[in-house]
Structure formats: C-alpha cells, structure tokens
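First up is the structure itself, then whatever we jot down about it.
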Amino acid sequence: MKDDFSGLNKLTENVKKLEGQSEISLGTLFNDGFLQSNTNFQNIDELFEKAGFKVETPEDFDAIPQEEIDQFIRENTKYESFSDLQTKAVTEYVRKNLLSGLK
C-alpha cells in the first residue's frame with residue numbers, strides 16, 4: 000500500500016510560506032471578514048474612525064495611544080485590549096494560511 004503524503008507536503012509548503020513573511024499589513028490581518036465576525040465594525044478603517052483615529056500610514060498607527068485604543072476596544076468589542084484583538088487576528092491568519100489547500 001502506498002502512503003499519500005500530499006497533505007504533509009502541503010502543510011510543509013504552507014509553513015515555509017508563513018516563515019518567509021516578516022510583515023502582514025493591517026488590512027490583511029484585520030480583513031473585513033475577521034472584523035465582521037469578531038466585532039460590530041465592517042472594516043479596520045471604520046474601527047479606527049469610530050475610535051477617533053485617522054490611520055493612513057504605519058506612523059499613524061504607531062502614534063495611537065495604547066490606553067485609548069485599549070479602552071475603545073474594551074468598550075466596543077468582546078476583547079479586553081487591542082492586543083487581544085490582534086492576537087485573535089494573528090491566530091486566525093496563521094491557521095487559515097497553515098491549513099490552506101488541505102482537505
């Protein structure tokens with residue numbers, strides 16, 4: 000009987016792709032589907048707008064006061080902080096990409 004290692008090979012390929020990524024854009028990480036499933040916001044732009052922040056560049060994002068965004072997230076989502084929301088987004092992103100193409 001011949002073993003079918005195609006699933007293992009695909010998983011290995013997916014791991015290598017993930018290892019090669021050093022940065023993920025906010026739009027990719029906090030995609031519309033993720034935000035609609037995990038918050039009451041349609042997209043990341045709406046979340047930032049409702050929080051009172053204009054984020055158009057990485058510098059804009061870095062300038063957001065952590066306490067303010069954490070308070071907004073705590074008051075408007077089921078998460079305790081932006082870091083908690085981000086952890087959930089990263090987990091979903093990795094799971095989706097790791098299992099991509101597997102049956």
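All letters in the sequence shown, in the order written, are residues 0 to 102 by numbering that gives the first Met the number 0.
Where is the CB? At the ideal position from N, CA and C, for every residue including glycine.
The structure presented is a predicted model; accordingly, all values stated were derived computationally and were not measured.
Bounds of the alpha helix (DSSP H) holding Gly26 are 25–28. Annotated three-state conformation of Gln70 is helix, per DSSP.
Taking the C-beta atoms as reference points, Thr38 is found no nearer than 9 Å to Leu25.
In this structure Ala62 is exposed. Its beta-carbon is surrounded by fewer than 16 other beta-carbon atoms within 10 angstroms.
Counting only residues of its own chain and dropping the five nearest sequence neighbours on each side, Tyr92 has a CB closer than 7 Å to the CB of Ile23, Leu28.
The Cβ atoms of Ala88 and Glu67 do not sit closer than 9 Å to each other. DSSP places Thr86 inside the alpha helix (DSSP H), whose first and last residues are 81–97.
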